[in-house]
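J.: Before I ask anything, here is the structure I am working with.
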Amino acid sequence: MEESELREAVFSAIKLINKDFGELDKQFEGYTPVYAFNTEDAVSVFNRYSKYITDQSVLCVTGSGDNILELLALGARKIVSFDINKHAKYYACLKLAFVKSGLSYEEFLRFFFGKCGDTILDYETYKKIEDYIPNIAKSYWHQVFEYINASGIILKNNESNLIMTQYGFLSFPSLNATIGNENSYANLKRYNELAQLIKDMDIDDKIEFIDSALSEIDKALDENFSFMYLSNIMDFTSEFIDAEDLEDRLKIFKEYITNVLSNYSLDAGLILVGFISSAHSNVFDTFYRYWEYRSIFPESECYFLDDLYPHNTRDHVIIFCNKENLREIKKLMYDSIDYY
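Residues are numbered in the numbering used here as their position in the sequence shown, beginning at 1, plus a constant of 14.
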């Protein structure tokens, strides 16, 4: 990492620690707070499509780092992880280090989440995991935590700082799509299994981080993937597509998937384009009617709306793949080819 980039990252982190959000521009862009844990149900998607993940090279959004941990738990061979928020990769590395360190599941939850009003990211616990932090983030976290310790600042989980506040989940953690999901790595049994799996893993060799928006990621890719996970980026098209109407933005988004990003998908691979959820935080960037998405993302263009049953009864997801894979995915959803 360039020294100038490291200085900028640490300086930005210190500003967030001091709740100086004055220079924040667009949501998620540059150096902004990250979510403590995923808010979308990536676990159900990954379990549904695990055959495209295990022993395969995959692309995902970095976000809270949970996507990476879930993909590792399912045996991904290599992970390329991207995010427009430059803090995301550092936070992901901190989570990876914690799991790799062998500290307990209870300590993990206390360090990153806790109960409403609890201290998070405490210095003494950090010192126990410092040696496990991947090289790309080691100097960053050393400087950030030394600042926290020297300044006497105490970070609380109910105040936005490096981590974006998630008030509802602090009071009702079972509602969080990651912590509340028994199939997630953030469940006691699977956490311990993942800790054993990555105990001796070379994280720097296994995971590649890219600072990039989705609209620019193709310029940084030099390989093809079996599985590409775009998380809930589709819910925020107004942040990066210059079109007033939601339908127009989604069509532009689709064109990028079809004509650009698909060039980096293996012939037998698939792309998770986005979620159609029963509960959205951004009413301007989502439809609430299934048929509207289906008209924009039709099967005739190799898109498919999967209801994720029985893994998830709340969300649909939009999948893009070739016609042969589309047929197989429909069999997964309906259990029988006779349905179509």
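Backbone N, C-alpha and C define an ideal beta-carbon position, used for all residues, glycine too.
In whole angstroms, give me the CA-to-CA distance for Phe223 and Val94.
T.: Indexing the sequence shown from 1 puts residue 223 at position 209. Indexing the sequence shown from 1 puts residue 94 at position 80. About 6 Å.
J.: If you drop the 5 nearest sequence neighbours on each side, which residues of the same chain put their C-beta closer than 7 Å to that of Ile221?
T.: If you number the sequence shown from 1, residue 221 lands on position 207. Excluding residues within five positions, the ones whose Cβ falls inside 7 Å are Ile82, Ile93, Ser95.
J.: Quick one: is Phe51 buried, meaning 16 or more other Cβ sit within 10 Å of its Cβ, or exposed?
T.: Stepping through the sequence shown from its first residue, residue 51 is reached at position 37. Buried: at least 16 other Cβ atoms inside 10 Å.
J.: Please classify Pro47 as buried or exposed, where buried requires at least 16 neighbouring CB atoms within 10 angstroms.
T.: Here the question's residue 47 lines up with position 33 in the sequence shown. Pro47 should be labelled buried.
J.: Is Ala200 helix, strand or coil by DSSP?
T.: Here residue 200 refers to the residue found at position 186 of the sequence shown. Coil.
J.: Using 8 Å as the threshold, is the region 17–27 in touch with the region 153–165, meaning 3 or more CB pairs across them?
T.: Because the criterion of three Cβ pairs below 8 Å is met, the region 17–27 and the region 153–165 touch.
J.: Quick check: the Cα distance between Arg124 and Ile310, rounded to an integer number of angstroms?
T.: Counting from 1 along the sequence shown, the entry for residue 124 is found at position 110. Counting from 1 along the sequence shown, the entry for residue 310 is found at position 296. If I take the Cα positions, the gap works out to 43 Å.
J.: From the DSSP output, in three-state form, read off Tyr137 for me.
T.: The residue you call residue 137 lines up with position 123 of the sequence shown. Helix at Tyr137.
J.: Can you tell which of Leu117, Lys170, Phe127, Ser165 has its C-alpha closest to the C-alpha of Asp145?
T.: Here the question's residue 145 lines up with position 131 in the sequence shown. When only C-alpha atoms are compared, the closest one is Leu117.
J.: Just how far apart, CA to CA, sit Ile247 and Lys65?
T.: The residue labelled residue 247 in the question sits at position 233 within the sequence shown. The residue labelled residue 65 in the question sits at position 51 within the sequence shown. So the two alpha carbons sit approximately 23 Å from each other.
J.: Could you check if Ser115 is buried or exposed, using at least 16 other CB atoms within 10 Å of its CB as the buried criterion?
T.: Walking along the sequence shown from the start, residue 115 turns up at place 101. By the 10 Å Cβ count, Ser115 comes out buried.
J.: Just curious, the alpha helix (DSSP H) that Ile266 is in, first and last residue?
T.: Counting from one through the sequence shown, the residue named residue 266 turns up at place 252. Run containing Ile266: 260–273, per the alpha helix (DSSP H) assignment.
J.: Would you say Tyr317 and Ile290 are within 8 Å of each other, going by their C-beta atoms?
T.: Your numbering for residue 317 matches position 303 in the sequence shown. Your numbering for residue 290 matches position 276 in the sequence shown. Contact: no.
J.: Only counting the same chain, and skipping five residues up and downstream in sequence, which positions put a Cβ closer than 7 Å to that of Lys337?
T.: Taking the sequence shown and counting its residues from 1, the one referred to as residue 337 is at position 323. Cβ within range, chain order: Cys316.
J.: What is the rounded straight-line gap between the Cα of Tyr119 and the Cα of Lys129?
T.: For the purposes of this step, residue 119 is taken as the residue at position 105 of the sequence shown. For the purposes of this step, residue 129 is taken as the residue at position 115 of the sequence shown. When rounded, the distance between both Cα atoms is 15 Å.
J.: May I ask which residues mark the beginning and end of the alpha helix (DSSP H) holding Cys335?
T.: Here the question's residue 335 lines up with position 321 in the sequence shown. Unbroken run through Cys335 is the beta strand (DSSP E), 330–335; no alpha helix (DSSP H).
J.: Please name the residue in Lys142, Asn61, Leu286 whose C-alpha comes closest to that of Cys335.
T.: Position 321 of the sequence shown, counted from the start, is the residue given in the question as residue 335. Considering only alpha carbons, the answer is Leu286.
J.: Is it the case that the Cβ atoms of Ser252 and Gly77 are separated by a distance below 8 Å?
T.: Along the sequence shown, read from residue 1 onward, the residue named residue 252 stands at position 238. Along the sequence shown, read from residue 1 onward, the residue named residue 77 stands at position 63. No, the pair does not count as a contact, with Cβ atoms beyond the cut-off.
J.: Thr5 and Asp80: beta carbons closer than 8 Å?
T.: What is shown of the chain runs 15 to 354, which leaves residue 5 out entirely.
J.: Report all residues from its chain with a CB closer than 7 Å to the CB of Lys268; omit the five preceding and five following residues, and keep chain order.
T.: Residue 268 sits at position 254 when you count from the first residue of the sequence shown. So the list reads Ile310, Phe311, once near-sequence residues are dropped.
J.: Restricting to Cα atoms, I'd like to know which of Tyr205, Asn171, Phe112, Leu108 is closest to Val158.
T.: Indexing the sequence shown from 1 puts residue 158 at position 144. Answer by Cα proximity: Leu108.
J.: In terms of alpha-carbon separation, which member of Asn277, Ala27, Glu16 lies closest to Glu160?
T.: Reading the sequence shown from its first residue, position 146 is the one you call residue 160. Checked all of Asn277, Ala27, Glu16; the closest Cα to Glu160 is Ala27.
J.: Does the beta-carbon distance from Tyr45 to Lys100 come in below 8 Å?
T.: Counting from one through the sequence shown, the residue named residue 45 turns up at place 31. Counting from one through the sequence shown, the residue named residue 100 turns up at place 86. Yes.
J.: Based on Cα-Cα distance, which residue from Val72, Glu230, Leu202, Glu207 lies nearest to Val274?
T.: Numbered from 1 along the sequence shown, position 260 holds the residue referred to as residue 274. Residue Glu230 is the option with its Cα nearest to Val274.
J.: Kindly identify the DSSP beta-bridge partner or partners of Leu286.
T.: Indexing the sequence shown from 1 puts residue 286 at position 272. Leu286 is bridged to Tyr243, Ile333.
J.: Between the beta-carbon of Leu189 and the beta-carbon of Asn172, is there less than 8 Å?
T.: Within the sequence shown, the letter at position 175 stands for residue 189. Within the sequence shown, the letter at position 158 stands for residue 172. Cβ distance not < 8 Å, so Leu189 and Asn172 don't count as in contact.
J.: How would you write the range of the beta strand (DSSP E) that Cys74 sits in, first residue to last?
T.: The sequence position of residue 74 within the sequence shown is 60, counting from 1. Element bounds for Cys74: 71–75.
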